[in-house]
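Chemist:
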Amino acid sequence: MRTLTAVLFAVLAVAPAAPAAPDLPVRPRSGGEAPSRAWRPDAVEVRLAPREARAAWAARARAARLGLFAVERTGVGPLDAFAAAYGARLEPMFRGEPHPDRSDAPELAAFWRVHLPEDVPLAAALATLRATPGVASAAPIAWLPVSAVPNDSLWGLSTWFYQPSRRDVHAPEAWDVTTGDTSVVIAILDTGVSPWHPDLAGTAAGERGNLWTNWAEAAGAAGVDDDGNGFVDDVAGWDFVALSSPTNVTPGEDWRDADNDPSDVAGHGTKVAGIAGALTDNARGVAGTAWRTRLMPLRVAWSEVGRPLGIVDMSYAAEAIRYAQRNGASVVNCSFETADEGGLLAAARAAMRAGVTIVNAAGNGTPFTALAEMDEVIAVAATDANDAVAGFSNTGPYVDLAAPGVDVAGPFVVAAGPDSIGVRTPSYDRAFDGTSFAAPIVAGAAALLQSQARAAGGPPLDPREVQLRLFDTADDIAAQNPSASGYGAGRLNLARALGDPPTSAVLPGAARTVGPPVVLPTRSGAPRVAHVTSNARLVIVAAANRETLAHVALPGGPARMLAAADVGGGRGVMLAVGTINGRLAAFDAAGAPWPGFPVSVGSTFVRLDAGPAFGDLDGDGVHEVVCGSDDGALWAWDANGDPVPGFPVEGLGPGWSGPVALADLDGAPGDEIVALALDGVAHALRADGAPLPGWPVALGGLPAAAPTVAAFADGGAPHVIAPSAATVHVLAANGAPRFAAALSAPVVHEAPVADLDGDGVREIVALASAFMNHTLATFDSSGTPRTGAGWPLALGAAPLGPPVVGPLRAGGAPGVLLMRSGGLAAWTDSARAIRGFPKPGGAGAFPALAELDGDARTEVVAGTGPDSALYLYDAGAGTWGAPGGWPEYRGNAARTGSAIAPPALPPLDDVAPAAIADLAVDSIAADAIALRWTAPGDDGAAGRAAAYQLHASAVREAAGSFAGAGLYDVAAPPDTAGAPQRAVLAGLAPGTAYAIAVRARDAAGNWAPASNVVWVTTPLGPARLAPPGVPAVRPVEAPSRAPVALRWQGAAAARGREQWLRVHDAAGRLVHSIAVGRDTAGTAQWNGRDRTGRPVPAGVYFVRLASGSFHAETRVVLLP
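According to mature numbering (1 follows the signal peptide of the UniProt record, and there is no 0), the sequence shown holds residues -20 to -1, 1 to 1100 in order.
1. For Pro419, which option in Val339, Ala702, Ala945 has the closest C-alpha, if you only look at C-alpha atoms?
2. Take His79 as the anchor and find which of Met73, Leu88, Glu71 has the nearest alpha-carbon.
3. Could you check the C-alpha separation between residue 1145 and Val553 for me, to the nearest Å?
4. How would you call Trp195, buried or exposed, if buried means at least 16 neighbouring beta carbons within 10 angstroms?
5. In terms of alpha-carbon separation, which member of Ile168, Ala490, Ser163, Tyr66 lies closest to Gly845?
6. If you draw a straight line from the C-alpha of Tyr1081 to the C-alpha of Ala938, how long is it?
7. Can the beta-carbon of Gly967 be found less than 8 Å from the beta-carbon of Thr1094?
8. Please name the residue in Arg188, Gly200, Met294 whose C-alpha comes closest to that of Ser243.
9. Report the partner residues of Ile909 according to the DSSP bridge assignment.
10. Following the continuous alpha helix (DSSP H) through Val422, name the residue where it begins and the one where it ends.
11. In terms of residue numbering, what span does the alpha helix (DSSP H) encompassing Gly249 cover?
12. Can you round the beta-carbon distance between Arg444 and Ala382 to whole angstroms, since I take them to be within the 8 Å contact cut?
13. State buried or exposed for Val964, treating a residue as buried only when at least 16 other CB atoms are found within 10 Å of its CB.
14. Do Glu868 and Ala855 have their C-beta atoms closer together than 8 Å?
15. The alpha helix (DSSP H) with Trp92 in it runs from where to where?
16. In angstroms, rounded to a whole number, what distance separates the CA positions of Leu223 and Asp237?
17. Apart from the five residues on each side of it in sequence, which residues of its chain come closer than 7 Å, Cβ to Cβ, to Arg93?
18. Using three-state DSSP, classify Glu233 as helix, strand or coil.
19. For my contact list, Val311 and Ile166 are in at a C-beta cut-off of 8 Å; report their separation, rounded to the angstrom.
20. Is the Cβ-Cβ distance between Val215 and Thr230 less than 8 Å?
21. Report the partner residues of Glu652 according to the DSSP bridge assignment.
22. Touching or not, the segment 700 to 718 and the segment 772 to 789, by the rule of three or more beta carbon pairs under 8 Å?
23. Excluding the 5 residues preceding and the 5 following Leu645 in the sequence, name in chain order all residues of the same chain whose CB lies nearer than 7 Å to its CB.
24. With which residues is Val605 paired in a DSSP beta bridge?
25. Only counting the same chain, and skipping five residues up and downstream in sequence, which positions put a Cβ closer than 8 Å to that of His177?
26. Measuring straight from C-alpha to C-alpha, what distance separates Glu77 and Phe751?
27. Determine, using beta carbons only, whether Ala1012 and Ala1092 come nearer to each other than 8 Å.
28. Work out the CA separation of Gly114 and Gly861 for me, nearest whole Å.
29. CB Leu832 to CB Ala510, shorter than 8 Å?
30. Here's a check: name, in chain order, each residue in its chain whose Cβ is nearer than 6 Å to the Cβ of Leu526, leaving out the five neighbours to either side.
31. Only counting the same chain, and skipping five residues up and downstream in sequence, which positions put a Cβ closer than 6 Å to that of Val741?
32. Comparing alpha-carbon positions, which option in Trp987, Ser463, Ala926 lies nearest Ala895?
33. Can a CB atom of chain D be found closer than 8 Å to the CB of Asp241?
34. Please identify the residue among Thr273, His95, Asp949, Ser145 whose C-alpha is closest to the C-alpha of Leu180.
35. Comparing C-alpha positions only, which one of Val728, Ala565, Ala667 sits nearest to Ala684?
36. Taking only the alpha-carbon atoms, compute the straight-line gap between Val1024 and Val1083 and give it to the nearest angstrom.
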């Protein structure tokens, strides 16, 4: 045996710490008893540092040009020296990866597999490689078993799809919706798949049945990588297994080289594939979950003596996930245990970012669940035919849902003969149970969801959307499992997944949400969601269709949160956010900058993080915006961006424990400002910045939570709730102490005040946390702790955000919602966990409760998670109730921190005027057309629109599109609904065909759909009014209705000078003047009004063109 020494390198760096890994034995290279879970003895996974990864990528590119996959040199000197001295072989784990410097490149190019000679011990190789310069990490590769356990019980076929008790996945009802789509591919990472099984490939020679075919390779040249994916002749998938010896391998098993034959000897992969997508309705064998999808065989496991169902190499699984992603798989099924190895998890992350759903068996009593514990991976537990969680099945917080895994039959292979074909004889199996066979049912469900989306013409579903849909529509099996937990949302229900109304949704974004979102109601009932992001943007999206309506840059990164309020005075809704560089930005509800903002506090080193909040400080009906800064100052601005007199107020303390609260404490008009300083002193300030009598109040201790304000009963006196250290202080409006409620640890977030038990009196909800003590407590209006019925509640995990209180149960009953480590959890008023939580996604540190789609179900709008998505979690049927409680951070969108008269946001006007349906032509001239129509209303047929726009296109395909050239704004404002309207479209080309349409816009900027299109051809008649250079003016129509179109031609001597058209009545009085500019000719419009804007009566009028010192006149007969 060789000894690895420091002679290899001139300088050895200190070895980086190895990643946490289970304590496994090393598999012996020789025969004999071999553990089922062990480290691979002949290879190591290495991750290179970024600079070295670039050098290795270049070496790999050179080798690829020579048709080689493994390389002799990586370009990383110390690693190459190791390989040369000890005969190690270097192999990139992932083929065809982009250059590591590319912004869209995942981290996979850094991973290499180092194959060790037989005389190099694994432990010594790891120690040396971890000390090698340029090697970021070196880890052993786990060999783990597939997730199946033997069981002798037999049950009737297909009971998991249908049985009279209906404790099944309701497949027949789902198949009435869809049976799959051949463009949807499920990658089966397993022991291979039998290409000869009649229930997978069919019975005719050369058929592939439901097995995936790489058509680029099938139609290409043998021995050539026709599709350039790094795998030659991979017509039917790929076999990644390439062992160094056949030790312990089942006779007849393929162990030697990776190749293009992923066929199966063990049978496990064939059964998994058949459960996911066997040929169905073929009078043979069993049915598959997704009949018409395609199955991509990727062999990563092999059969061993004593472990006939299979052993999986984690590095092969990593390669296969990458292959599946890059070759078009929509779903990846992994029915095996997994270890926490960088390459595997990196490949999984890259695949899920690319839109691939990964389903992993939860495991059968195993601790090896690294892949299943990734939040985006769908982890599947197993149930039996009675919906009881199987005794062998893993459970835990990482499990998303369960599916049948007991007595599930499927295609199989058996050893009916000694040769390589005989050991792969097609058969069927009912003898093995396990989460291995629950997972492919869920993988098939994911494929059915993707098929349904494609049939509807929509884009593919994001993996999170698939995960949430299956989670939300699972059947509750708590009654069948009274003492069990950790099996996720329940048992899979295919029919509900495909047929239930929309539930949770995912809104992808470019950066993480900062603070709570704002839900903007609309007149149409389709709310919008506004939020600010870590890349300094304000984003507004439509909740219904996920359309981004605004994406606006902020003047700095958001410091804490977004606030919104109707500022009053007819100004509309303002959105405001403080930044980390001392600015307060404001926008209207469409994302346009608010006049007068942003404002600055004069320093870019100050964070405006104690707010903002909106309140009417002076009682004039118009809101001000208030925010504290981390230097201890309080700032206030009016709706124009001007400082409120008396502000800023400085020197009150070293900083603030959180946002300010705004409420009327003294009964006089206007709100007071309540702020809690970091030195434990509570302040209450009037509109001029002066302290309210009785304030400030020294609380003692170090506060870490924001103050709130509430009356414990409707119409009652206001109280200030001021947490400090491990005490919740309740103060009267004059600062006098009412009571102090003690907790077992410091209070870490604001204390909401809401009526939890429906008795008409509000309770205080307080969150305490320190070290291992994480408690949620409630107190009544006298400060008495609510005990019994589960309170106080030990959370068991650290809280990650403040609690909110609102409708979360059937009938709109209130619940408490809180983000903690492990997910967004919810409890009833008696501290019992609410089913359906935690939700996947890990989002919701600052959730908001709202009703977004009119289905009477509460949605939880949740950002601030580990990824950039905004989640709309569905709380369940019938959960929405009357608004109230404390449904979001600071109690409301204005962030007042008060339960007293919380301001509501008015619905935004998102309803456009009605479409005009009767556009018609009045008259036609060579260069102008007079049009008429009936005025629509605003918001449909009622009210009055704000403006009209005409579109005249000479291109037939652009008719009515209101895109490109040919747009004309109508000068005259619309009349009330039903009134006749006219406009003259001037400046057209003679002898030209036009498609003309009109549309209306309301004051909120909503455009109506285009009207009916009229087709008009202008005549070739003379367009000239007079000889060139001779002034002239003439109405386009005679007689005319308003607006009157006037063609004019200026005098040659007046070129370059201002020119006017002046309208006089029959008595010679000047009625109106129209500036026509310095052009030589044109068409102008008189709107039929005088200089004050009042309509003039019908009659005879005279129009005079003043062109320098020259004049021309015409008569206009104005019709009523």
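Ideal Cβ placement from N, Cα and C applies to all residues, glycine included.
Modeler: Taking the structure as given:
1. Counting from 1 along the sequence shown, the entry for residue 419 is found at position 439. Note on identity: in this sequence residue 419 is Ala, with Pro being the wrong assignment. Among Val339, Ala702, Ala945, the Cα nearest to that of Ala419 is on Val339.
2. In the sequence shown, the residue the question calls residue 79 occupies position 99. His79 has its Cα closest to that of Leu88, out of Met73, Leu88, Glu71.
3. Residue coverage of the chain in this structure runs from -20 to 1100, which leaves residue 1145 outside it and unanswerable.
4. The residue you call residue 195 lines up with position 215 of the sequence shown. Burial call: exposed.
5. Numbered from its first residue, the sequence shown carries residue 845 at position 865. Nearest Cα to Gly845 within the set Ile168, Ala490, Ser163, Tyr66: Ala490.
6. Here residue 1081 refers to the residue found at position 1101 of the sequence shown. Here residue 938 refers to the residue found at position 958 of the sequence shown. Across the structure, Tyr1081 and Ala938 are spaced so that their CA atoms are roughly 39 Å apart.
7. Here residue 967 refers to the residue found at position 987 when the sequence shown is read from its first residue. Here residue 1094 refers to the residue found at position 1114 when the sequence shown is read from its first residue. In this structure, Thr1094 does not lie closer than 8 Å to Gly967 by Cβ.
8. Taking the first residue of the sequence shown as 1, we reach residue 243 at position 263. In terms of Cα proximity to Ser243, the closest of Arg188, Gly200, Met294 is Arg188.
9. Along the sequence shown, one-based indexing puts residue 909 at 929. Checking the DSSP bridge columns, you'll see Ile909 partnered with Ile904, Leu965.
10. Residue 422 sits at position 442 when you count from the first residue of the sequence shown. 415 to 435 is the extent of the alpha helix (DSSP H) around Val422.
11. Position 269 of the sequence shown holds residue 249. Where Gly249 is concerned, the enclosing alpha helix (DSSP H) stretches over 248 to 257.
12. Along the sequence shown, one-based indexing puts residue 444 at 464. Along the sequence shown, one-based indexing puts residue 382 at 402. In fact, because the Cβ distance is near 20 Å, the residues do not count as touching under 8 Å.
13. For the purposes of this step, residue 964 is identified with residue 984 of the sequence shown, where counting begins at 1. With 16 or more other Cβ atoms within 10 Å, it is buried.
14. Here residue 868 refers to the residue found at position 888 of the sequence shown. Here residue 855 refers to the residue found at position 875 of the sequence shown. Against a cut-off of 8 Å, the Cβ pair of Ala855 and Glu868 comes out as no contact.
15. Position 112 of the sequence shown holds residue 92. Per DSSP, Trp92 lies in no alpha helix (DSSP H); the unbroken beta strand (DSSP E) holding it starts and ends at 91 to 95.
16. In the sequence shown, counting from the first residue as 1, residue 223 sits at position 243. In the sequence shown, counting from the first residue as 1, residue 237 sits at position 257. So the alpha carbons of these two residues sit roughly 7 Å apart.
17. One-based indexing of the sequence shown puts residue 93 at position 113. Correct list, in chain order: Ala23, Glu25, Glu71, Met73, Ser295.
18. Position 253 of the sequence shown, counted from the first residue, corresponds to residue 233. Secondary structure of Glu233 (DSSP, three-state): coil.
19. As a working mapping, residue 311 is identified with position 331 in the sequence shown. As a working mapping, residue 166 is identified with position 186 in the sequence shown. Between Ile166 and Val311 the Cβ distance is about 5 Å, and since that is below 8 Å, they are a contact.
20. Mapped onto the sequence shown, residue 215 falls at position 235. Mapped onto the sequence shown, residue 230 falls at position 250. Contact: no.
21. Position 672 of the sequence shown, counted from the first residue, corresponds to residue 652. Ala643.
22. Taking 8 Å as the limit for Cβ pairs, the verdict is that the segment 772 to 789 does not touch the segment 700 to 718.
23. Working through the sequence shown from its first residue, we reach residue 645 at position 665. If we look at Leu645 and ignore the five residues flanking it on each side, its Cβ neighbours are Glu652, Ala664, Leu672, Pro698, Ala713.
24. In the sequence shown, counting from the first residue as 1, residue 605 sits at position 625. Per DSSP, the beta-bridge partners of Val605 are Phe594, Trp617.
25. By 1-based counting over the sequence shown, the position of residue 177 is 197. Cβ contact annotation for His177 (same chain, cutoff 8 Å, sequence separation greater than five): Thr250, Gly254, Pro391, Val393, Pro406, in chain order.
26. As a working note, residue 77 is residue 97 in the sequence shown. As a working note, residue 751 is residue 771 in the sequence shown. Glu77 and Phe751: Cα-Cα distance of roughly 44 Å.
27. Numbered from 1 along the sequence shown, position 1032 holds the residue referred to as residue 1012. Numbered from 1 along the sequence shown, position 1112 holds the residue referred to as residue 1092. Yes, these two residues count as a Cβ contact at 8 Å.
28. As a first step, residue 861 is located in the sequence shown; it is residue number 881 there, counting from the start. As a first step, residue 114 is located in the sequence shown; it is residue number 134 there, counting from the start. Their backbone Cα atoms lie some 59 Å apart in a straight line.
29. For the purposes of this step, residue 832 is identified with residue 852 of the sequence shown, where counting begins at 1. For the purposes of this step, residue 510 is identified with residue 530 of the sequence shown, where counting begins at 1. Result no, Cβ atoms of Leu832 and Ala510 do not sit closer than 8 Å.
30. Here residue 526 corresponds to residue number 546 of the sequence shown, with the count starting at 1. Just to set this straight, residue 526 is Arg in the shown sequence, not Leu. Around Arg526: Leu487.
31. Position 761 of the sequence shown, counted from the first residue, corresponds to residue 741. Here the set comprises Phe692, Ala693, Ser761.
32. The residue labelled residue 895 in the question sits at position 915 within the sequence shown. For the residues Trp987, Ser463, Ala926, the minimum Cα distance to Ala895 belongs to Trp987.
33. Among the protein chains of the structure shown there is no chain D, as only one such chain exists.
34. Numbered from its first residue, the sequence shown carries residue 180 at position 200. With distances taken between CA atoms, Leu180 lies nearest to Thr273 out of Thr273, His95, Asp949, Ser145.
35. If you number the sequence shown from 1, residue 684 lands on position 704. Per the Cα distances, Val728.
36. As a working note, residue 1024 is residue 1044 in the sequence shown. As a working note, residue 1083 is residue 1103 in the sequence shown. Rounded to the nearest angstrom, the two C-alpha atoms are 11 Å apart.
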